[in-house]
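Protein sequence lines, in the order shown, are assigned to chains A and B.
Residue numbers for the first sequence follow the working numbering, beginning at 1 and rising by one.
Residue numbers for the second sequence follow the working numbering, beginning at 1001 and rising by one.
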Amino acid sequence: MSTVTDEMITAWLDGEVSPQQREEIEQAVAASPQLGRRVARLSQMDRMLAPAYSETLNAAIPARFEAILARPRASAWSLSRLHPVFGGLLEPRTMGMAAAVLVVGVVAGGLLLSKPAEPGFETASDGLLIANKEMVISLASLQSSGAAGSQAVRIKLSLVDGGGNYCRQFETASSAGLACLEGGQWKVDTLSPANAPAGQGDQYVMADGAVDPSIAAALKRRGVKQLLDRAQEAAAIATGWKATEH
Amino acid sequence: MGQGDNKFRIELRSLLPRLRRFGHALTGSADDGDDLVQDALEKALSREAQFREGTRLDSWMYKIMQNAWIDKKRSAARQRLVVQPIEEDTHAIGEDGRESFDARINLRQVREMMERLHIDERSVLVLVSIEGQTYQQAADTLGIPIGTVMSRLARARNKLLLLLDGLNPTPRETEQ
Chain A
1 MSTVTDEMIT
11 AWLDGEVSPQ
21 QREEIEQAVA
31 ASPQLGRRVA
41 RLSQMDRMLA
51 PAYSETLNAA
61 IPARFEAILA
71 RPRASAWSLS
81 RLHPVFGGLL
91 EPRTMGMAAA
101 VLVVGVVAGG
111 LLLSKPAEPG
121 FETASDGLLI
131 ANKEMVISLA
141 SLQSSGAAGS
151 QAVRIKLSLV
161 DGGGNYCRQF
171 ETASSAGLAC
181 LEGGQWKVDT
191 LSPANAPAGQ
201 GDQYVMADGA
211 VDPSIAAALK
221 RRGVKQLLDR
231 AQEAAAIATG
241 WKATEH
Chain B
1001 MGQGDNKFRI
1011 ELRSLLPRLR
1021 RFGHALTGSA
1031 DDGDDLVQDA
1041 LEKALSREAQ
1051 FREGTRLDSW
1061 MYKIMQNAWI
1071 DKKRSAARQR
1081 LVVQPIEEDT
1091 HAIGEDGRES
1101 FDARINLRQV
1111 REMMERLHID
1121 ERSVLVLVSI
1131 EGQTYQQAAD
1141 TLGIPIGTVM
1151 SRLARARNKL
1161 LLLLDGLNPT
1171 PRETEQ
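What follows is the structure in structure tokens.
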């Protein structure tokens, strides 16, 4: 008879064993009162876990959560509303640069929920989008406001987020978003449909620095440690976006 | 329904009680758990366009919350007492000779003991034992092999019994 392991006992308690394994384990438990008592203790301890947190489960939902869910999906945020995003980390001079650079199309409000992955992206196994090979090349090699490749990607802004990760705000013919280099992979943090065709960047509203709210929220959430100027951006591209002392 | 209502948000709202419980169990604090839920809601809405129908929304949210909590713990670099791993590999059940479950244990003690587990083990235990996920679902949620789910579960449960028996935990430099 094979040894009954902790993993086997655990799986048995959770109903995750095959009929053959179940029979084997039950025989072992029946043959050893001490093992039986141990199994009983494991089971009793496990049954106390959910009740230990039932108060939270049954409590009233805080209003702040409802407020978040009731928030409109799309509305233009002025740069003045975006100021807290930078949390005083940036000098006024840098804010001016942000105003000049943070320009994206106002979101049309439509969602990509049921559409296949956008051009330039692919869906990972966990349902999240990641940049495909062409998009990775664009994200890694283009300078801000540059455009190249079949995806016609435009990089709007490069920055270092609060966690020290490089992030790039981009737009394509059909979408605008933010991608960040995490674990050696350009991951799409947020992606929204754009309402203007590529190549019309100059026509985007700039008067009040309207910013896609999902990108603004992403920047607020991630924090912004540093906006990269062109020289810093060029250096990062040249060095392959190696981790810095940020 | 409000302006922001759609299928995604309605389902998200229905998940709130479970997300709060998950946050509480994961962080060991109802307040920290709620902060985690709030951050996850913000993140989920910012990624609303990335969500694909057919993906389990609860698992998606659990994963966002778990990753956020790990990031927070790492950045804070807080020291915390956790039980040293008993063994990394599969091993046979020991016969500890304990006569019965200690009936004096209360729910607060259970929560305190849960906090002593390593975050990776606690996450699996919460998903399976509290949230009722199958091993496969927990593996998908956390992005780990199903065998790792099993080994982490076994270690977590054994540690809880050790703690219940009053065995001294070993300081660990950082919890990651």
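We put the CB at the ideal spot given by N, CA and C, even for glycine.
Quick caveat: nothing in here was measured; it's all calculated off a predicted structure.
Look at the stretch 49-74 of chain A: the residues with a C-beta under 9 Å from a C-beta of chain B are Leu49, Ala50, Pro51, Ala52, Tyr53, Ser54, Glu55, Thr56, Leu57, Asn58, Ala59, Ile61, Pro62, Arg64, Phe65, Glu66, Ile68, Leu69, Ala70, Arg71, Pro72 and Arg73.
The DSSP-derived three-state label of Glu171 (chain A) is strand.
Taking 8 Å as the upper bound for CB-CB distance, Val224 (chain A) and Gly164 (chain A) are not in contact here, some 12 Å apart. For Ile1064 (chain B), the closest of B:Leu1160, B:Arg1052, B:Gln1136 and B:Val1037 by C-alpha to C-alpha distance is B:Val1037. Between Glu1121 (chain B) and chain A, the shortest Cβ-Cβ separation is not below 7 Å. Contact check for Tyr1062 (chain B) against Phe1008 (chain B) fails: the beta carbons are separated by 7 Å or more. Proximity of the stretch 1042-1060 of chain B to the stretch 182-190 of chain A meets the contact definition, three or more beta-carbon pairs being nearer than 8 Å. According to the DSSP assignment, Arg71 (chain A) belongs to no alpha helix (DSSP H), since it is labelled neither H nor E. With 16 or more neighbouring CB atoms inside 10 Å of its own CB, Ser158 (chain A) falls in the buried class. Put simply, the CB of Met1065 (chain B) is far from chain A, with every gap to its CB atoms at 7 Å or more. Close partners of His1118 (chain B) in chain A (Cβ separation under 7 Å) are lacking, with about 16 Å as the shortest Cβ gap. Using a Cβ distance threshold of 7 Å, Arg1152 (chain B) and Asp1120 (chain B) count as a contacting pair. Contact between Ile137 (chain A) and Ser144 (chain A) is absent: CB atoms are separated by about 16 Å, not below the 8 Å threshold. Looking at B:Arg1056, B:Gly1033 and B:Arg1074, the one whose alpha-carbon comes closest to that of Pro1017 (chain B) is B:Gly1033.
DSSP, read as helix, strand or coil, puts Gln185 (chain A) in strand. If you look at Lys1043 (chain B), you'll find it in the alpha helix (DSSP H) that goes Ala1030 to Ser1046.
Cβ-Cβ distances below 7 Å link Asn58 (chain A) to nothing in the same chain once the five nearest sequence neighbours on each side are left out.
At a cut-off of 7 Å between beta-carbon atoms, Ala176 (chain A) makes no contact with chain B. Looking at the backbone, the Cα of Arg71 (chain A) and that of Arg1052 (chain B) are separated by about 21 Å. The three-state secondary structure of Phe121 (chain A), taken from DSSP, is strand. In terms of beta-carbon proximity, Ile1130 (chain B) lines the interface with chain A, with at least one pair separated by less than 7 Å.
In terms of beta-carbon proximity, Met1061 (chain B) stays away from the interface with chain A, with every pair separated by 7 Å or more. Setting aside the 5 residues that flank it on each side, Val4 (chain A) is surrounded in the same chain by Ile25 and Ala28, each with a C-beta closer than 6 Å to its C-beta; the list follows chain order. Here Asp1120 (chain B) carries a helix assignment [DSSP, helix/strand/coil].
Bounds of any beta strand (DSSP E) do not take in Ser145 (chain A), whose DSSP letter is neither H nor E. Taking 7 Å as the cut-off, the Cβ atoms of Tyr53 (chain A) and His1024 (chain B) count as close. Within chain B, the residues placing a beta-carbon under 8 Å from that of Thr10 (chain A) are Met1150, Leu1153, Ala1154 and Arg1157, ordered along the chain. Within the same chain, Cβ atoms closer than 7 Å to the Cβ of Asp1140 (chain B) are found at Ser1059, the five residues on either side in sequence being excluded.
About 6 Å separates the Cβ atoms of Gln1136 (chain B) and Ile1146 (chain B), confirming a contact at the 8 Å cut-off. For Lys242 (chain A), no alpha helix (DSSP H) encloses it, and the DSSP letter there is neither H nor E. Chain B places no beta carbon closer than 7 Å to that of Arg222 (chain A), leaving this residue out of the contacts. Distance from the CA atom of Glu233 (chain A) to the CA atom of Leu42 (chain A), rounded to whole angstroms, is 56 Å. According to DSSP, residue pairing for Val224 (chain A) in a beta bridge involves A:Asp161. Shown here, Ser1014 (chain B) sits in a helix according to DSSP, grouped into three states.
For Met1150 (chain B), the enclosing alpha helix (DSSP H) begins and ends at Ile1146 to Leu1164.
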